[in-house]
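Report on one structure; see the data block that follows.
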Amino acid sequence: MRIRNFFTVFVTIILTTICLYYILSSIYFFDTKLLKNNKKTLNLGLDLKGGISMILDISEKDLLKKLSENSKNYIFLKALENADKKKKENPNIDYLSYFINDINNKKINLSSPNLFGNRSNIENIDLNSSNTEVEKFIRKKIESSIISTQNILISRIDQFGIIQPNIQRIKNSNRILIELSGIKNIDRIKNILEKKAKLHFFETYNFNEIFPYFNVINNFFNKKLNNNIKKKSFIDILNISYIKDTNTIGLVHKKYKKIISEFLNSTEATNALPYNLHNIKFLWGHKSVSNDDFFTLFAVKKNDEEMSSSLTGDMVTRAYKSFGSFDEISINIKMNQEGTKKWKIFTEKNIGRGIAIVLDDLVYTCPVVKSVIPNGISQISGRFSIQESNDLVNVLNAGELPTSVKIVQTSIVGPSLGKESIQKGVKSFLIALFFVFFWMIFYYLIPGLYANIVLIFNIIFIFGVLISINAVLTFPGIAGVILTLAISMDGHILIYERIKENIKNKIPITTSINDSYTFKGALSSILDGQITTLLCGIILFYFGIGPIRGFSTTLIIGIIISVFTSTCLGRLFLEWHLKKNPNIIFYNKIFVFIFHKIMNIQWDFLSKRKWFYMISSALLIISIYSIIFKGLNLGLDFVGGRSYVIIFDRKIIPEKISEILSKTFIENNKPSFPHVKTFGQKNKLKIVTKYKIWEENNKVDEEILKKMFFALKNYFPIDFNDFKNIKKNKYLGLLSSEKVGPLIAKKLIYKSFISIIISLIGIFFYIFIRFKKWQFGLGAVVSLIHDSIIVLGIFSFFQKKFPIMEIDQNFIAALLTIIGYSINDTVIVYDKIRKISVKKIFTKNVVNNGISNSISRTINTSFLTLLVISILLLFGGLAIRSFMFALFIGVSIGTYSSIFIAPSIVYDCCKIKI
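For the sequence shown, position 851 matches number 1539 in the numbering used here, and the numbering has no gaps at all.
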C-alpha cells in the first residue's frame, strides 16, 4: 500500500507541476523570464477564436495552356491576355466565357491542332468538333482540375495537423475559401498552399560546357545592362572564382537574380546559343548558400529525348525523411515500377554527371551519379531545417497540383461561435460545475468533496496535456472534455455505490473501501466502460478527420487521465481520511428516507420489456419515416450558402445581427439563422446564409440583399443602391458577395460513417471478449444504433417547430458524445449483471437484480450529466443550443436504452427463461 500511495503522490505532484506550468505559461499575463521562451499553448479553433481567412485563385489560364499543350498561336495568347484584363477589373467574372467569346469573335476553330485539337485531347476532340463541344470539354476538364486541386489542398492541410479547417469552393468560380486557426507563420502556410509540387529530374550541363557561351554573351550584357549595375560584367556577377562544384554555373547575389534571369531569357542571349546548348534551361537553387544571400545557378537539359520530360513526380509513390551521420536531413523518394525502370536507364546514362532534382522549377539538389540506381530510390539533400523537411515530405506525399494557385485575399476572421456566445458558454459551464460540486457534497458528504477535488485535478491534467502537445481545442473537442468529466465523476459514483453496498452488508469500512477498488468491486465496471469508450476514441482518431479527430483527441486524453484520478487519486484521499478519522459516511441521511429507498426497490424490468420494445420500435419507425420523407435540417456545413462581407458604421456584435436576420430570413415557415463573424475590423462582418440556397438566380440574389439591407437599415445611412454596389475603397455597405459550397465534403461524411461503423465493430468484439458472450456485444451495438437513429429522428420530426435543430459539424460531435456516453452506461449495467450471475447463466432474476443494483449509479450519473447540459442549454447562448439540445436528448435516450433495451436483448438472445 505504501508503494502504491507513493507512486500516486509522486505521479500527481509531477503531473500537477508540469500541467500548471503549461497552463500558466499559456496565459498571456503570466509573463516571467522563466516562461518567456515557452512556445507551448492551447490553440483555439476557428469556432472559438477565429483565425486567418484566405481566398485561393486557381489559374484557369495555366489550365488552358496545359490543355493546348502550350500553344504559341497569337490569337490564343491574345485571348488569354484579354481575359486576364477582364479578371483584374472584376475577379468574379466567368474567365472561360470571356476567353471563348474572344476566340469566337475571331472566327477561329477551337478544335484546331494548334489549339485544343492536339494529341493529348484526341480522344475527345477531332477536327469536326464544334466550338460548343470543345467548350463543354474544356469546362469539364477545368471543373475536374478545380475539384482535384481542392482535394490536394485538403490533404496538405490535413497532413500539417491543422485541426478542423474550413475549406469551401466558391460556387461557379475557380476560387476556394480556406479558413485556418492557430496560424502564426502566414508565409509558411502560403508556401504550403501555393506550392505546385511539380517534381522533375533533369540532366545537367557542367561549368566547362557552359563557360564558352558565357564569354560570348558577356559582351551583350555589358552593352545592354552596364549602366544599371555599376560597371559589373556578366562574368563578375556570376562569381565564377568562388564556384567549387562543377554542376554549379554561377553564384549570384540575390539583388542580381532578377537581372540575370531576364538577361538569360532575352532575345540576345537565346539567339547566341550554340546548337549543342539548344535545349538548355537555367534554374536557381531553392535557397541561398550558407545564408549569405547568394543563390546557385544551374543549367539543365530540357526535353532531351524522353527522359527529362517523362521522369516526373507522378511516378513518386512515397517521400520520407532520413538523417545522415551528422544529423543532416535528406528527403528520400521512392518511385513506382515505371519510374524505377526509367530511373535505372536515366542513371546508367549519366554516370559521372550531375542530375538536378527540381521541384517547382527550383533545384533542391544536384548529386553526381556514381553508379546505376536499380531500386527507384533517389534522395534530395539541401540543408533542410526540420520544419522545411516536414513541409516538403507532406507536399510531395499529398501530390502535385494540376495547376498553379495564388492567394488573392487574406483576412483575419472572428470566432464562428461569436465572442458573446463563448463568454455565455464559459459562464454557464462554471455554473453547471458549481451545481455538480454542490450535489456531490450534498449526496455523498465528505467523499463527495474528495470527488470534487479529484475532478479539479482532472481538469488541470486534461488542459495541461492538451497545451503540452500544442493541441487545437475546438467545440467538438470541448464535447470530448465534457464527456470525459462525466465519465470521471461516474467512476467515483460507481466506487461510492459499491462501498455503500458493502457497508449495508456489514463489511468494515476499510475492507469496504479496499474491496471497491478491486476487480471484484467497482474497478472492472470502470475499466470496461472506459476501455470501451477509449477504443471508440482511438478508432475515431485513426479513421476520422475534422471535428471527429478533434473530439477523439480530447476523449483519449481525458479517459486515460480519468482512470488514474478516479482509481488512484480518489483512493488516496479516502485512505488519508481514514487515518485521520475512521468514521466516514458515504450518504446523506435525507436520501436514505426520501431517495435511497426508491433506488433499492427490486423492480421487474424484464416483465415489461415487450412494452419497451414496442415503444422503441414505434420511435424508430417514426424516426426513420421522418428522416426519409421529411429529411433533416442540414446546416451551412452540409449545403453551403451565400457569403457576404459587409462593413457597418459602428462596432457590431455578430450574435445580434444573426438574430435580427433570422426574423427576415424565413423559409417554409421557419427562421434561418445565418452564421455571422467579424472579418478583420470590428465593424466588418462576414454573413453566410443558407436562405433559398437551392434557388440560384439574380432575382433571389437581389431579394436577399434587400432583406439584409432593410433589416439592418439602422446601421447604414445610405440608400439600397449605394449599399449593394461593390466599389474599390468602399467605406460602408456590401464589399463582396459569393456563393460557397458545403464545408463538409463527401469525403468527411464517408470517413465519419466508416469510422463509426468500425467503432461499432470494435465495441462488439471487445464486449464479446470481455463478457464471453456475443449477446452482450449485440445488445450494446443495437442500443447505440437505436440511440443514434432516435436522436436523428427527433431532429428531423421537430425541425420546423424548433429551427435550432440543425445538422452541422457540432451535431456530429454531439452524436459521437452520445455514443461514448451510452456505451459507457450500457457496459456498467452489463458488469453488474455479470457479477451477479452464477456459471454465466443469465436468468430473469439475475438480469433484473443487475439492473436494480446499478440503477442508483445510473440515475445519479445521468442526473449530474443532464444538469450540466440543461444549464448550458438554457444559459449558454444561441450558438451552442442545438448542440446541447442534441446532448440532452441523446443522454436521456442513452440512459433509457442502457436500462430497458440492452439488458433485455441479452436476456432474450440467451434463451433462458426461468
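Backbone N, C-alpha and C define an ideal beta-carbon position, used for all residues, glycine too. For clarity, every value in this text was computed on a predicted model and none was experimentally measured.
| said: If distances are taken between C-alpha atoms only, which option among SER1059, LEU1161, SER976 comes closest to LEU736? | reply: Stepping through the sequence shown from its first residue, residue 736 is reached at position 48. Among SER1059, LEU1161, SER976, the Cα nearest to that of LEU736 is on LEU1161.
| Same chain, Cβ closer than 6 Å to LEU1047, five either side skipped, listed in chain order | Residue numbering aside, residue 1047 sits at position 359 when the sequence shown is read from its first letter. Around LEU1047: LEU887.
| Residues near GLU823 by beta carbon distance below 8 Å, same chain, minus five either side | Residue mapping note: residue 823 aligns to position 135 of the sequence shown, counting from 1. Answer for GLU823: LEU784, ILE788, LEU798, listed in chain order.
| query | LYS679 lies in the alpha helix (DSSP H); which residues open and close that run? | reply | It is not possible to answer for residue 679, since the shown part of the chain is limited to 689 through 1602.
| field | Stretch pair the stretch 1199-1206 + the stretch 1256-1264: three plus CB contacts closer than 8 Å | value | yes
| message | Measuring only the C-alpha atoms, how far is ARG844 from PRO1164? | response | Along the sequence shown, read from residue 1 onward, the residue named residue 844 stands at position 156. Along the sequence shown, read from residue 1 onward, the residue named residue 1164 stands at position 476. Their backbone Cα atoms lie some 22 Å apart in a straight line.
| task | Alpha carbon to alpha carbon, how far is LYS1351 from ILE1341? Give it in angstroms, no decimals. | result | The residue given as residue 1341 occupies position 653 in the sequence shown. The residue given as residue 1351 occupies position 663 in the sequence shown. So the two alpha carbons sit approximately 17 Å from each other.
| query | Could you give the distance in angstroms between the alpha-carbon of ILE1039 and the alpha-carbon of VAL1056? | reply | Your numbering for residue 1039 matches position 351 in the sequence shown. Your numbering for residue 1056 matches position 368 in the sequence shown. C-alpha separation (whole angstroms): 7 Å.
| At least 3 beta-carbon pairs within less than 8 Å: the stretch 854-871 vs the stretch 1424-1431 | yes
| request: Enumerate in chain order the residues of its own chain whose CB-to-CB distance from THR1253 is below 6 Å, with the five nearest sequence positions on each side excluded. | output: If you number the sequence shown from 1, residue 1253 lands on position 565. Around THR1253: VAL1142, PHE1145, ASN1146.
| Bounding residues of the beta strand (DSSP E) (the contiguous stretch that carries TRP1462) | As a position in the sequence shown, residue 1462 is number 774, starting the count at 1. No beta strand (DSSP E) contains TRP1462, which is instead part of the alpha helix (DSSP H) from 1462-1485.
| said: I need the boundaries of the alpha helix (DSSP H) containing GLU1390, first residue and last residue. | reply: Position 702 of the sequence shown holds residue 1390. Unbroken alpha helix (DSSP H) run through GLU1390: 1386-1399.
| Host beta strand (DSSP E) of ARG1259 (start-end) | The count along the sequence shown starts at 1 and reaches residue 1259 at position 571. Here ARG1259 belongs to no beta strand (DSSP E); instead the alpha helix (DSSP H) covers 1258-1268.
| field | Buried or exposed (CB count within 10 angstroms, at least 16 for buried), ASN1385 | value | Locating residue 1385 in the sequence shown gives position 697, where the first residue counts as 1. Exposed, because fewer than 16 other Cβ atoms sit within 10 Å of the Cβ of ASN1385.
| Buried or exposed: which applies to HIS1363, given that a residue is buried once 16 or more other Cβ atoms fall within 10 Å of its Cβ? | Against the sequence shown, residue 1363 aligns to sequence position 675. Looking at its Cβ environment, which holds 16 or more other Cβ atoms inside 10 Å, HIS1363 is buried.
| Can you check whether the CB of MET1396 is closer than 8 Å to the CB of LEU1349? | The count along the sequence shown starts at 1 and reaches residue 1349 at position 661. The count along the sequence shown starts at 1 and reaches residue 1396 at position 708. Yes. Within cutoff.
| field | Beta-ladder partner(s) of PRO1359, from DSSP | value | Your numbering for residue 1359 matches position 671 in the sequence shown. Paired residue(s): ILE1354.
| query | Measuring CB to CB, does ILE1244 end up less than 8 Å from LEU1223? | reply | Start at 1 with the first residue of the sequence shown, and residue 1244 comes out as number 556. Start at 1 with the first residue of the sequence shown, and residue 1223 comes out as number 535. No, Cβ-Cβ distance for ILE1244 and LEU1223 is not below 8 Å.
| message | Can you give me the C-alpha to C-alpha distance between LYS1372 and VAL1333, rounded to a whole angstrom? | response | Within the sequence shown, the letter at position 684 stands for residue 1372. Within the sequence shown, the letter at position 645 stands for residue 1333. If you take the alpha carbons of LYS1372 and VAL1333, they lie about 7 Å apart.
| said: I need the boundaries of the alpha helix (DSSP H) containing PHE986, first residue and last residue. | reply: As a working mapping, residue 986 is identified with position 298 in the sequence shown. Unbroken run through PHE986 is the beta strand (DSSP E), 982-989; no alpha helix (DSSP H).
| query | For the alpha helix (DSSP H) that ILE1157 lies in, which residues bound it at each end? | reply | As a working mapping, residue 1157 is identified with position 469 in the sequence shown. Element bounds for ILE1157: n/a, residue is neither H nor E.
| query | Touch check for the stretch 1501-1512 and the stretch 1578-1591: three-plus C-beta pairs under 8 Å? | reply | yes
| MET1128: buried (16+ other C-beta within 10 angstroms of its C-beta) or exposed? | Numbered from 1 along the sequence shown, position 440 holds the residue referred to as residue 1128. Buried is the call here.
| message | Short of 7 Å in beta carbon distance, which residues of its chain neighbour SER1471, apart from the five on each side in sequence? Order them along the chain. | response | The count along the sequence shown starts at 1 and reaches residue 1471 at position 783. Around SER1471: SER1510, THR1514, SER1585, SER1586, ILE1589, ALA1590.
| said: Do GLY1168 and PHE1239 have their beta-carbon atoms positioned less than 8 Å apart in this structure? | reply: Position 551 of the sequence shown, counted from the first residue, corresponds to residue 1239. Position 480 of the sequence shown, counted from the first residue, corresponds to residue 1168. A contact, by the Cβ cut-off of 8 Å.
| query | What whole-angstrom Cβ distance do ILE1516 and LEU1182 have, given they're in contact under 8 Å? | reply | For the purposes of this step, residue 1516 is identified with residue 828 of the sequence shown, where counting begins at 1. For the purposes of this step, residue 1182 is identified with residue 494 of the sequence shown, where counting begins at 1. That pair is a contact at about 7 Å.
| said: Classify GLU1185: buried if its beta carbon has 16 or more other beta carbons within 10 angstroms, exposed otherwise. | reply: As a working mapping, residue 1185 is identified with position 497 in the sequence shown. Looking at its Cβ environment, which holds 16 or more other Cβ atoms inside 10 Å, GLU1185 is buried.
| task | Buried or exposed for LYS1374, please, with buried defined as at least 16 other CB atoms from any protein chain shown within 10 angstroms of its CB. | result | Along the sequence shown, one-based indexing puts residue 1374 at 686. Buried: at least 16 other Cβ atoms inside 10 Å.
| request: Under the assumption that LYS776 contacts TYR786 (Cβ atoms under 8 Å), give the Cβ distance between them as a whole number of angstroms. | output: Position 88 of the sequence shown, counted from the first residue, corresponds to residue 776. Position 98 of the sequence shown, counted from the first residue, corresponds to residue 786. Not a contact, Cβ separation roughly 12 Å.
| request: Report yes or no: do three or more beta-carbon pairs, one from the stretch 804-815 and one from the stretch 830-845, lie closer than 8 Å? | output: no
| Based on Cα-Cα distance, which residue from TYR1275, LYS1115, LEU703, ARG1330 lies nearest to SER1156? | If you number the sequence shown from 1, residue 1156 lands on position 468. Checked all of TYR1275, LYS1115, LEU703, ARG1330; the closest Cα to SER1156 is LEU703.
| said: Taking 8 Å as the limit between beta carbons, can you name the residues of its chain near ILE1248, skipping five residues before and five after? | reply: To locate residue 1248, count along the sequence shown from 1; it is residue 560. Closer than 8 Å at the Cβ level, and outside the excluded window around ILE1248, lie LEU1222.
| request: Can you check DSSP and say which residues form a bridge with SER1424? | output: Position 736 of the sequence shown, counted from the first residue, corresponds to residue 1424. BP columns for SER1424 point to VAL1333.
| said: Below 8 Å on the Cβ atoms is my contact criterion, and I expect SER1200 with ILE1187 to pass it. Report the Cβ-Cβ distance as a whole number of Å. | reply: In the sequence shown, the residue the question calls residue 1200 occupies position 512. In the sequence shown, the residue the question calls residue 1187 occupies position 499. SER1200 to ILE1187, Cβ: 5 Å. Contact.
| Where THR936 falls: helix, strand or coil (DSSP) | Counting from 1 along the sequence shown, the entry for residue 936 is found at position 248. THR936 falls in the coil class under three-state DSSP.
| request: State the Cα-Cα distance for the pair ILE1539 and ILE1521, rounded to the nearest angstrom. | output: Counted from its first residue, the sequence shown places residue 1539 at position 851. Counted from its first residue, the sequence shown places residue 1521 at position 833. For ILE1539 and ILE1521, the distance between alpha carbons rounds to 7 Å.
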